[in-house]
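S.K.:
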Amino acid sequence: MITAVLLLVCLVLAGAVAALVVALRTVAARLDAIEARGPLRDASSLGSSGQVVTGTSAPSSTSEPPAPVPVASAEEFVITRLGDPEPDAAPTLETKLFADVVLRETVVKAASFAYGVRRGLSPANRNRIWFEMRREVKRARKERKAEEREAIREWRARRRADVRSVRQEESAA
């Protein structure tokens, strides 16, 4: 049973790794395409001096946007590192070593989870939980009975007060 679960977990992880590789390749292809086009600047947002126009003089969001115009500037501030030279590549793991690391970590996590479940469902823990639940049910039952007795006392006191007030009205009339 545990072997089947571990095999299923490994297959799911392998599928996730494959999906991540495909997504990474797609992002890399898009990034290469964007880098090939060069920096783009929207011509409608630039004033005559080349500064960005804001406020009421800025173009409306409902107006049709004009085609972007490529603009190269030496003082352009870019948050990303697209224009910087690439740093030295980080050391990569061999495929077999990477798979070994991933599988070992997965097996350790699965084994520790199984141990925790087995320990949590042990007879001693089940008995302790049952005992605590029984004690809590008894406490709640006692509390409900006490509240019920108090409510009945208050109701009877109000009824007696109503009867007294009716008798006083009859005797006064």
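Numbering (full-length UniProt numbering), first residue to last: 1 to 173. Where is the CB? At the ideal position from N, CA and C, for every residue including glycine.
Less than 8 Å between the CB atoms is what I'm expecting for residue 13 and residue 110, so what's the real figure, rounded?
M.R.: In the sequence shown, the residue the question calls residue 13 occupies position 13. In the sequence shown, the residue the question calls residue 110 occupies position 110. Not really, about 11 Å apart at Cβ, beyond 8 Å.
S.K.: Is the Cβ-Cβ distance between residue 103 and residue 10 less than 8 Å?
M.R.: Position 103 of the sequence shown holds residue 103. Position 10 of the sequence shown holds residue 10. In this structure, residue 10 lies closer than 8 Å to residue 103 by Cβ.
S.K.: Measuring CB to CB, does residue 82 end up less than 8 Å from residue 35?
M.R.: Counting from 1 along the sequence shown, the entry for residue 82 is found at position 82. Counting from 1 along the sequence shown, the entry for residue 35 is found at position 35. Yes; because the gap between Cβ atoms is below 8 Å, this pair is in contact.
S.K.: Could you spell out where the alpha helix (DSSP H) holding residue 95 opens and where it closes?
M.R.: Position 95 of the sequence shown holds residue 95. Start and end: 95 to 120.
S.K.: Does DSSP put residue 247 in a helix, in a strand, or in coil?
M.R.: Residue 247 lies beyond the residue range present for the chain, which begins at 1 and ends at 173; the question has no answer from this structure.
S.K.: Over the uninterrupted alpha helix (DSSP H) stretch that includes residue 82, give me the two end residues.
M.R.: Counting from one through the sequence shown, the residue named residue 82 turns up at place 82. No alpha helix (DSSP H) holds residue 82; DSSP gives it neither H nor E.
S.K.: Could you check where the alpha helix (DSSP H) with residue 32 kicks off and where it finishes?
M.R.: On the sequence shown, position 32 is the one that residue 32 refers to. Here the alpha helix (DSSP H) through residue 32 covers 2 to 37.
S.K.: Going by the CB atoms, is the gap between residue 140 and residue 2 shorter than 8 Å?
M.R.: Here residue 2 refers to the residue found at position 2 when the sequence shown is read from its first residue. Here residue 140 refers to the residue found at position 140 when the sequence shown is read from its first residue. Their beta carbons are not under 8 Å apart, which means residue 2 does not touch residue 140 by this criterion.
S.K.: Say whether chain D places a C-beta atom closer than 8 Å to the C-beta of residue 128.
M.R.: Among the protein chains of the structure shown there is no chain D, as only one such chain exists.
S.K.: With distances taken from CA atoms, which of 106, 95 and 90 is nearest residue 8?
M.R.: Stepping through the sequence shown from its first residue, residue 8 is reached at position 8. Among 106, 95 and 90, the Cα nearest to that of residue 8 belongs to 106.
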